[in-house]
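Enquirer: First, the structure itself, so that you have it in front of you.
Chains as they are written, first to last, in our numbering: chain A, 719 to 1041; chain B, 12 to 306.
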């Protein structure tokens, strides 16, 4: 791949979207459009939900430098609300997903306002603790069904005329939701707002001294990330017709960290690649029980010690262009 | 007998004692985390798994070597502490020049591996571990029944915590440690082997977690997942107390254990979440934590 404008490493212009990113994006979309005809759609939908979840998480860790260890609370609580709305209140899927997403946004506003009061390592611990609080709430609350979760959630009819009972139809709806979230994140990190987020990541005191209220920016980024994680969780609940404690428990928070780390922190495509690799891996290891946990742990250790750029980060380094 | 807000004293003091026991574990674990964080700048996510390893160590020693609880109390922390030394030498030492977050991620991965391996071997069910003969039974104090083993846990934990506090705050070795926390380069320039000190500190923190695990073995069942839920609560304890002060960690640990115990009496539904709620309140009022330094 040779692009005409490219000379050496050093100073490249940061104008519009670089061409290779567009190529990569188009490649991804083509793959997703063709994939359900070759790969089991339900598996693809699971991977897409996790990809969106990880993209939302990556917005925080990759572009603001905030490690949230409690993102399961947004995925899980949105899933519960969405499932409850669709099953008990009889909401159509679009409204069910919307109410789940709105719940995650509200939760993100509250937990974000608390968590950004501390930096670095404390931020991770606070988000983890808040998520555990939400977990206990979901465990005890009546409407979540405790250990059983909310089962047999109807997929319903989208906008009154798209019947979601077919897996293929559902797949394209999930793909549309994923692409919406993906492009929104892409737009955010390339906006002036996104530039300020990166400035905060690189040097927060300096961003403050330039007159930016860094706490406001961090909170907005946190709420955006929570909202998109909630969108992923709501969609996941509708797709699998199930909301359960797994999605709100701490291993799920760890999983999204692992997906993003494996794919590449702070790369746009990393979380998507990471989600597909990890979900496939877990799919094949599923019958081995606790081995899944062990393999996850080993991947964590390897990534941190020798593979910190992640898959996409390494590819980007090889072709010397950001992806 | 007197009643307190309609709660029978037996129940009240019983829960207070349970709270004190939980507080002992919070204090020992958060103390270990604080000591490790002070020197290594790493939040040791493996702490819960190492606590679990300590408990399993006691179980193995009794089951396979016939060694009693008292031997386990010494051997198990030493072995687990040594495994910590190996981890520090092989892995953690490569991370000190990186962002702190990588230390958290690495130790999280190690926790997953450890827990997964034990779960493979033992499933999710717990293994019973009996109370040593010398500590069976208990005393009736008039207002409540005090089992000997529980009293022992509180005393042992207090002794270890205060001992650690004394070593760090009042001895020469501790002064080196505190100096290295402030400025490792300068301390190294004075001819003190800081890397070795860091290794041993990690080993000590881990051994402390394992010691707590051995103490916990007869109270809770020895189970692979016994550490993971505890460690999250301990993180909240650490956020509440702030990691700047050794005594602060100890006091916060015991204090929160007691508050949790009281919650079990007055409003049982909230007993799982009360520590997290307190954390949220402390963050609102005093973001640096009760004993933390604002940095």
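We treat Cβ as the ideally placed atom computed from N, Cα and C, and that holds for glycine.
Please compile the residues from chain A whose C-beta is within a distance smaller than 9 Å of the C-beta of residue 280 of chain B.
Expert: As a first step, residue 280 of chain B must be located in the second chain, where it is residue number 269. In chain order: 858.
Enquirer: Could you pull the start and end residues of the alpha helix (DSSP H) that residue 150 of chain B belongs to?
Expert: What you label residue 150 of chain B is simply residue 139 of the second chain in a count that begins at 1. It is not in any alpha helix (DSSP H) - residue 150 of chain B instead sits in the beta strand (DSSP E) that spans 149-151.
Enquirer: Is the Cβ of residue 1010 of chain A closer than 9 Å to any Cβ of chain B?
Expert: The residue given as residue 1010 of chain A occupies position 292 in the first chain. Yes, contact with chain B.
Enquirer: At which residues does the alpha helix (DSSP H) containing residue 969 of chain A begin and terminate?
Expert: Walking along the first chain from the start, residue 969 of chain A turns up at place 251. Residue 969 of chain A -> alpha helix (DSSP H) spans 968-981.
Enquirer: Go through its chain and collect everything with a Cβ distance to residue 762 of chain A's Cβ below 7 Å, but skip five positions before and after it.
Expert: Reading the first chain from its first residue, position 44 is the one you call residue 762 of chain A. The answer, listed in chain order, is 753, 754, 889.
Enquirer: Using beta carbons (cut-off 9 Å, strictly below), is residue 208 of chain B in contact with chain A?
Expert: Locating residue 208 of chain B in the second chain gives position 197, where the first residue counts as 1. Answer no: the Cβ-Cβ gap between residue 208 of chain B and chain A never drops below 9 Å.
Enquirer: Closer than 8 Å by beta-carbon distance: list the chain B residues that pair up with residue 1019 of chain A, in chain order.
Expert: Position 301 of the first chain holds residue 1019 of chain A. The contacting residues are 102, 117, 120, 121, 124.
Enquirer: Quick check on the burial criterion: 16 or more other C-beta atoms within 10 angstroms. Buried or exposed for residue 70 of chain B?
Expert: Here residue 70 of chain B is taken as the residue at index 59 of the second chain, counted from 1. It is buried - the Cβ of residue 70 of chain B has at least 16 other Cβ atoms within 10 Å.
Enquirer: Do residue 868 of chain A and residue 961 of chain A have their CB atoms nearer than 9 Å?
Expert: Taking the first chain and counting its residues from 1, the one referred to as residue 868 of chain A is at position 150. Taking the first chain and counting its residues from 1, the one referred to as residue 961 of chain A is at position 243. Yes, Cβ-Cβ distance for residue 868 of chain A and residue 961 of chain A is below 9 Å.
Enquirer: What residues from chain B crowd round residue 844 of chain A, counting only those whose CB sits closer than 9 Å?
Expert: In the first chain, the residue the question calls residue 844 of chain A occupies position 126. Neighbours of residue 844 of chain A on chain B, chain order: 246, 247, 250, 290, 291, 294.
Enquirer: Could you pull the start and end residues of the beta strand (DSSP E) that residue 855 of chain A belongs to?
Expert: Here residue 855 of chain A is taken as the residue at index 137 of the first chain, counted from 1. Where residue 855 of chain A is concerned, there is no enclosing beta strand (DSSP E), although the alpha helix (DSSP H) it sits in stretches over 838-858.
Enquirer: In three-state terms, what does DSSP make of residue 876 of chain A?
Expert: Here residue 876 of chain A corresponds to residue number 158 of the first chain, with the count starting at 1. Strand, per DSSP.
Enquirer: Under the three-state reduction of DSSP, which class applies to residue 892 of chain A: helix, strand or coil?
Expert: Start at 1 with the first residue of the first chain, and residue 892 of chain A comes out as number 174. Helix, per DSSP.
Enquirer: Can you find a CB in chain A that lies within less than 9 Å of the CB of residue 12 of chain B?
Expert: Stepping through the second chain from its first residue, residue 12 of chain B is reached at position 1. Note that residue 12 of chain B scores a pLDDT of 46, beneath 50, so its modelled location is shaky; the value from the coordinates is reported in the next line. It does not: the Cβ of residue 12 of chain B has no partner Cβ on chain A nearer than 9 Å.
Enquirer: Give the single residue among B:143, B:158, B:134 whose Cα lies nearest to the Cα of residue 149 of chain B.
Expert: Numbered from 1 along the second chain, position 138 holds the residue referred to as residue 149 of chain B. Nearest option by C-alpha distance: B:158.
Enquirer: Any C-beta of chain B within less than 9 Å: which residues of the stretch 955-981 of chain A qualify?
Expert: Listed by position along the chain: 968, 969, 972, 975, 976, 979.
Enquirer: If distances are taken between C-alpha atoms only, which option among B:106, B:111, B:247 comes closest to residue 293 of chain B?
Expert: Position 282 of the second chain holds residue 293 of chain B. Minimum Cα distance to residue 293 of chain B is reached at B:247.
Enquirer: So, do the stretch 942-953 of chain A and the stretch 847-863 of chain A have three or more beta carbon pairs nearer to each other than 8 Å?
Expert: Short answer: they don't touch.
Enquirer: Are the C-beta atoms of residue 781 of chain A and some chain B residue less than 9 Å apart?
Expert: Position 63 of the first chain, counting from 1, holds the residue named residue 781 of chain A. No - not a single Cβ of chain B is within 9 Å of the one on residue 781 of chain A.
Enquirer: Assuming residue 158 of chain B is part of the beta strand (DSSP E), what are its boundary residues?
Expert: Position 147 of the second chain, counting from 1, holds the residue named residue 158 of chain B. Unbroken beta strand (DSSP E) run through residue 158 of chain B: 156-158.
Enquirer: Quick check: what's the CA-CA separation for residue 1038 of chain A versus residue 1032 of chain A?
Expert: Here the question's residue 1038 of chain A lines up with position 320 in the first chain. Here the question's residue 1032 of chain A lines up with position 314 in the first chain. So the two alpha carbons sit approximately 9 Å from each other.
Enquirer: Put residue 228 of chain B into one of helix, strand or coil per three-state DSSP.
Expert: For the purposes of this step, residue 228 of chain B is taken as residue 217 along the second chain, with counting starting at 1. Correct three-state label for residue 228 of chain B: coil.
Enquirer: Helix, strand or coil: how does DSSP classify residue 708 of chain A here?
Expert: The structure shown does not extend to residue 708 of chain A, since chain A is modelled only from 719 through 1041, so no value can be given for it.
Enquirer: To which residues does DSSP link residue 881 of chain A through a beta bridge?
Expert: Stepping through the first chain from its first residue, residue 881 of chain A is reached at position 163. In DSSP, residue 881 of chain A forms a bridge with A:875.
Enquirer: Would you give the residue range spanned by the alpha helix (DSSP H) that residue 130 of chain B belongs to?
Expert: Here residue 130 of chain B is taken as the residue at index 119 of the second chain, counted from 1. Its alpha helix (DSSP H) spans residues 111-133.
Enquirer: Using a Cβ-Cβ distance under 9 Å, would residue 851 of chain A count as near chain B?
Expert: As a first step, residue 851 of chain A must be located in the first chain, where it is residue number 133. At least one chain B Cβ lies under 9 Å of residue 851 of chain A.
Enquirer: What is the rounded straight-line gap between the Cα of residue 720 of chain A and the Cα of residue 741 of chain A?
Expert: The count along the first chain starts at 1 and reaches residue 720 of chain A at position 2. The count along the first chain starts at 1 and reaches residue 741 of chain A at position 23. Residue placement at residue 720 of chain A cannot be trusted, given a pLDDT of 34 that sits under 50; the coordinates are not used to answer.
Enquirer: Could you please give the first and the last residue of the uninterrupted alpha helix (DSSP H) stretch that includes residue 812 of chain A?
Expert: Position 94 of the first chain, counted from the first residue, corresponds to residue 812 of chain A. Note, residue 812 of chain A: alpha helix (DSSP H), 811-833.
Enquirer: Using a beta-carbon distance cut-off of less than 8 Å, what residues from the stretch 142-163 of chain B approach chain A?
Expert: Per Cβ criterion, the list is empty.
Enquirer: Identify the contact partners of residue 33 of chain B in chain A, using a Cβ-Cβ distance below 8 Å as the criterion.
Expert: Along the second chain, read from residue 1 onward, the residue named residue 33 of chain B stands at position 22. Near residue 33 of chain B there are no residues of chain A at all, since even the closest Cβ is about 16 Å away, more than 8 Å.
Enquirer: Write down the C-beta distance between residue 876 of chain A and residue 811 of chain A rounded to the nearest angstrom, noting that I regard them as a contact closer than 8 Å.
Expert: On the first chain, position 158 is the one that residue 876 of chain A refers to. On the first chain, position 93 is the one that residue 811 of chain A refers to. 5 Å between Cβ atoms; contact.
Enquirer: Does the separation of the CB atoms of residue 793 of chain A and residue 784 of chain A fall below 9 Å?
Expert: Taking the first chain and counting its residues from 1, one reaches residue 793 of chain A at position 75. Taking the first chain and counting its residues from 1, one reaches residue 784 of chain A at position 66. No, these two residues do not count as a Cβ contact at 9 Å.
Enquirer: What is the DSSP secondary structure of residue 1008 of chain A, counted as helix, strand or coil?
Expert: Counted from its first residue, the first chain places residue 1008 of chain A at position 290. If DSSP states are grouped into helix, strand and coil, residue 1008 of chain A belongs with coil.
Enquirer: Using only CA atoms, which one of B:91, B:210, B:236 lies nearest to residue 49 of chain B?
Expert: Translated into positions along the second chain, residue 49 of chain B becomes position 38. Of the listed residues, the one whose Cα sits closest to residue 49 of chain B is B:210.
Enquirer: Tell whether a beta-carbon distance below 9 Å holds between residue 916 of chain A and residue 907 of chain A.
Expert: Within the first chain, the letter at position 198 stands for residue 916 of chain A. Within the first chain, the letter at position 189 stands for residue 907 of chain A. Taking 9 Å as the Cβ cut-off, residue 916 of chain A and residue 907 of chain A qualify as a contacting pair.
Enquirer: Whole angstroms is fine: what's the gap from residue 161 of chain B's alpha carbon to residue 28 of chain B's?
Expert: Locating residue 161 of chain B in the second chain gives position 150, where the first residue counts as 1. Locating residue 28 of chain B in the second chain gives position 17, where the first residue counts as 1. If you take the alpha carbons of residue 161 of chain B and residue 28 of chain B, they lie about 8 Å apart.
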